[in-house]
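What follows is a short report on a single structure.
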Amino acid sequence: MLSQKELDTKTNEELLILYKQTNDQKIKQTLVLRYVYIVKNIAMQMRGIYLGFSQIDDIINEGVLAIMTAIDKFDINKHVKFETYISKRIRGMIIDIARKQDWVPRSIRKSAKEIEEAQNILSHQLGRTPTDEEVANHLQISIKKYKEDLGKTGTFNLLSLDMLMEEEGVGQKSGGILKNTNELLPEQYLQKKETAAALKEGLASLREKEQMVLSLYYINELNMKEISVVMQVSEPRISQIHANAIRKLRNYMQRFFDEKE
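Here the sequence shown stands for residues 68 to 328, where the numbers follow the numbering used here.
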């Protein structure tokens with residue numbers, strides 16, 4: 068059995084391999100401590116759906132348990148980084164908890180609804196997508212307040228999209244919409260295949276910058292600050308692009324499901 072000092076000299080990858088070989092709980096504990104930062108980072112990124120820091124503490128506690136489970140289930144022979152593997156599961160876990168506990172503050176729900184209504188009204192009146200200044204004027208708030216509200220509602224819109232997909236029986240977490248297709252009945256498989264195609268079309272309908280932001284955030288696991296550096300625009304602007312992209316995608320999928328009824 069290795070001492071803690073010896074474990075501290077090992078890389079994360081080496082520790083994962085060693086744990087799979089020995090099932091040493093001391094190694095597992097070391098790995099959990101090394102990866103807990105991922106839970107904290109994602110919890111803070113998605114804090115817009117929480118009422119306060121007490122919920123973030125709860126999320127971190129749940130996240131630690133998720134890391135422990137993930138370490139046991141992770142296949143070191145697959146060409147997937149553990150950081151990517153656990154990040155997707157933590158995001159899915161947070162959305163699951165938020166959906167079950169209904170932790171979305173009323174103020175964010177209200178702001179999301181008001182912003183969406185204003186954007187829809189102005190789009191109809193102007194025949195184009197309204198600017199941020201136009202929406203802020205319509206809502207009779209400052210552009211600074213509008214941008215703050217837009218950033219907060221971005222996570223709520225993502226949650227709403229996920230809930231919409233879940234209600235339609237389309238699991239999109241941890242590996243994609245067509246996950247576990249062997250377990251589906253033929254009609255269920257067809258439904259998921261159609262929904263996957265619709266989601267792909269919805270993504271294709273977004274502007275190039277919107278597609279890039281979603282790709283960097285959800286696939287490359289970059290945070291808003293890192294994306295702003297890559298795209299050479301301000302962090303608040305990235306938050307705006309992200310929120311608008313999620314809103315458009317959610318509306319696109321809602322229309323898709325409405326047409327199927």
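Here a beta-carbon is modelled for each residue, glycine too, at the ideal position from N, C-alpha and C.
Test item: CB-CB of E277 and I305 under 8 angstroms = Cβ atoms of E277 and I305: not closer than 8 angstroms.
Pick helix, strand or coil for S301, following the three-state DSSP scheme.
-> coil
Do the stretch 154-164 and the stretch 123-142 touch if we need at least three Cβ pairs shorter than 8 angstroms?
-> yes
Identify the continuous alpha helix (DSSP H) that holds N74 and give its terminal residues.
-> Note that residue 74 is Leu in the sequence shown, not Asn. Run containing L74: 71-75, per the alpha helix (DSSP H) assignment.
Taking L99 as the reference, which of N108, M135, K212, M113 has the closest Cα?
-> Note that residue 99 corresponds to Val in the displayed sequence, not to Leu. It is M135 whose Cα lies nearest to the Cα of V99.
Whole angstroms is fine: what's the gap from R195's alpha carbon to L189's?
-> 8 angstroms
State buried or exposed for Y104, treating a residue as buried only when at least 16 other CB atoms are found within 10 Å of its CB.
-> exposed
For E302, which residues of its own chain have a beta-carbon under 6 angstroms away from its beta-carbon, when the five flanking residues on both sides are left out?
-> Only residues of its own chain outside the window of five on either side were considered, and among them M291, K292, S295 have a CB closer than 6 angstroms to the CB of E302, listed in chain order.
Please report the residue range of the alpha helix (DSSP H) in which L98 lies.
-> Unbroken alpha helix (DSSP H) run through L98: 92-112.
Buried or exposed: Q186, going by 16 or more other Cβ atoms within 10 Å of its Cβ?
-> buried
Sorted by chain position, which residues of the same chain lie with C-beta nearer than 7 angstroms to Y284's C-beta, five sequence neighbours on each side aside?
-> I294, H309
Apply the 10 Å Cβ neighbour rule to R322 and answer buried if 16 or more other Cβ atoms are within range, or exposed otherwise.
-> exposed
Measure from the alpha carbon of A265 to the alpha carbon of each residue in Y86, N144, M320, A312, then state which is nearest.
-> Taking each of Y86, N144, M320, A312 in turn and checking the Cα distance to A265, the smallest one comes out for M320.
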